[in-house]
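Comments concern the structure below.
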Amino acid sequence: MGGISFGFVASGLLLGLAIGFVLQRGRFCMNTAFRDTIFIQDWTLFRGYVIALAIMIVGVNILGDLKMLRFIPIQPFYPIANIIGGYVFGLGIVMVGGCGSGVWYKIGEGQFNSLIAVIGFFVGIHMTATGVLSPVYKLLKSVKIPIAGQKVPTLYNIIGHGPAIKWAVISVVVIAFSAYILKGKPFSAPKQKGLEWPKVGVLLGLLGIAAFWAGDVWEGFPRGLSFTTPTGEFFGTLLTGKAMASNHPLVRVFPMYDLGPFKFTWASIFIISVPFGAYISAKVLKEFKWKSPPVDELLSVCIGSLMMGFGATVAGGCNIGQGLTGASTLSIGSLVAIIFIILGNWTMVYIKFIKPMQD
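Numbered according to this note's numbering, the sequence shown terminates at residue 1098, and the numbering increases by one at each position without gaps.
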């Protein structure tokens, strides 16, 4: 495509800075949110995730109905890929100690293992999308199931079609989420050094909606928040000068823009800004400190990050791409993927933490 504008750069930069700042300020990592539910029976951060999801479900569908988006990008249902990819990704984030968004923002705190994890994440993505594991990717993606005649089925398609049915289902889902959130007493959440979990949930949800709109306006595609494909795009430009190789399965989906001899995407600007937003927050809170993990932990990070890259690519997204952005459209594929991300997380938490304590 053509060149870039000031708004193109500024929107990606500001969104990434804001996401990094909010995630670090709230110490919000979805690996921790999922892990704590089974490890210490603490659902606090999980409720923050549910707040963000509820806000995004309502906001994104309003934007779609008001024609403020070209379209709402609903993920297809690839049952085998969503299940296997989601599960492997869930296993990997426990080994790494951070989810797709978590490893990016923790770089801004000075965590060396997160930098290694991001590199491993990219390698896993590249191997799966265009490298030696691409035949596996294609095989797992070969099974695509429509539901109720819809090639990209949603939760409300199971009941029927039309705006009334869609909003009736959304209302039921949001009411159920709200009842669950209120059990955690969000209005009396204990004060902490950064942001309390209800505030993080609200801000993350609003930024998720903003990402749909900004992507639509400045990139030409309302992709919303995502960390998997943008990770591949950023390193693709860095290493080859082109965000996506010609044989990448999504090369015709996300537009690439010219900057001299380089071709990159709007999401590349967003994602590289996340650690800087987290750095600003960490410096203000005096939480920035360079940290290097022991060798045995680093090995776990290397293996886990490769699993993350494979799993997220196969599943169609990570904890953010499927668990928030995809799930906000009520895509069946996204909902299945996030369920199996959580199950993979719980499995590895049991293997790595709970079982050794029992033994």
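Backbone N, C-alpha and C fix where the C-beta goes; we use that ideal spot for every residue, glycine too.
- Residue environment: D1098 is assigned as exposed (fewer than 16 neighbouring CB atoms within 10 Å of its CB, all protein chains considered).
- Leaving aside the five residues that flank V797 on each side, the residues in its chain whose CB is nearer than 8 Å to its CB run, in chain order, I909, V913.
- Excluding residues up to 5 positions away in sequence, I920, P937, G940, V941, G944 lie with their Cβ nearer than 7 Å to the Cβ of I790 in the same chain.
- Counting only residues of its own chain and dropping the five nearest sequence neighbours on each side, F860 has a CB closer than 6 Å to the CB of T970, S1044, M1047, G1048.
- Rounded to the nearest whole angstrom, the C-alpha separation of F916 and A793 is 7 Å.
- Of the other Cβ atoms in all chains shown, fewer than 16 fall within 10 Å of the Cβ of H900; this residue is therefore exposed.
- CA-to-CA, the gap between T979 and Q814 works out to about 28 Å.
- The alpha carbon of I948 has as its nearest neighbour, out of G1065, I1081, V862, the alpha carbon of G1065.
- Scanning the region 899 to 982 for uninterrupted alpha helix (DSSP H) segments of 4 residues or longer gives 902 to 922, 936 to 953, 967 to 979, listed from N- to C-terminal end.
- Here L1069 carries a coil assignment [DSSP, helix/strand/coil].
- Excluding residues up to 5 positions away in sequence, I886, A887, Q889 lie with their Cβ nearer than 7 Å to the Cβ of N896 in the same chain.
- Not a single unbroken stretch of the beta strand (DSSP E) spanning 3 or more residues falls wholly within the region 817 to 899.
- A straight-line Cα-Cα distance of about 35 Å links V882 and L762.
- With at least 16 other beta carbons inside 10 angstroms of its own, V857 counts as buried.
- Taking a C-beta distance under 9 Å as the contact criterion, V1034 and V833 do not qualify as a contact pair.
- Taking one beta carbon from each stretch, the region 819 to 834 and the region 1050 to 1062 have 3 or more pairs nearer than 8 Å; the two touch.
- If you look at Y1018, you'll find it in the alpha helix (DSSP H) that goes 1005 to 1023.
- Rounded to the nearest angstrom, the gap between the Cα atoms of G1055 and F1003 is 20 Å.
- Residue pairing from DSSP places D997 in a beta bridge opposite K1002.
- With a cut-off of 8 Å on Cβ pairs, the region 1006 to 1017 is not in contact with the region 804 to 821, counting fewer than three such pairs.
- For G759, the enclosing alpha helix (DSSP H) starts and ends at 745 to 764.
- Taking every protein chain shown into account, the CB of F745 has fewer than 16 other CB atoms within 10 angstroms, so this residue is exposed.
- The alpha-carbon of K877 is positioned some 9 Å away from that of P988.
- Residue state for K1091 is assigned as helix, using DSSP reduced to three classes.
- Rounded to the nearest angstrom, the Cβ distance from L1082 to Y844 is 24 Å, too far for a contact under 8 Å.
- By the CB criterion at 9 Å, E958 and W1005 fall inside the cutoff.
- For L808, there is no enclosing alpha helix (DSSP H), as DSSP gives it neither H nor E.
- Restricting attention to R764, A772, F760, the CA atom closest to the CA of N1084 is found in A772.
- Boundaries of the alpha helix (DSSP H) harbouring A1054: 1034 to 1054, taken from the DSSP string.
- Using a Cβ distance threshold of 9 Å, L784 and G933 do not count as a contacting pair.
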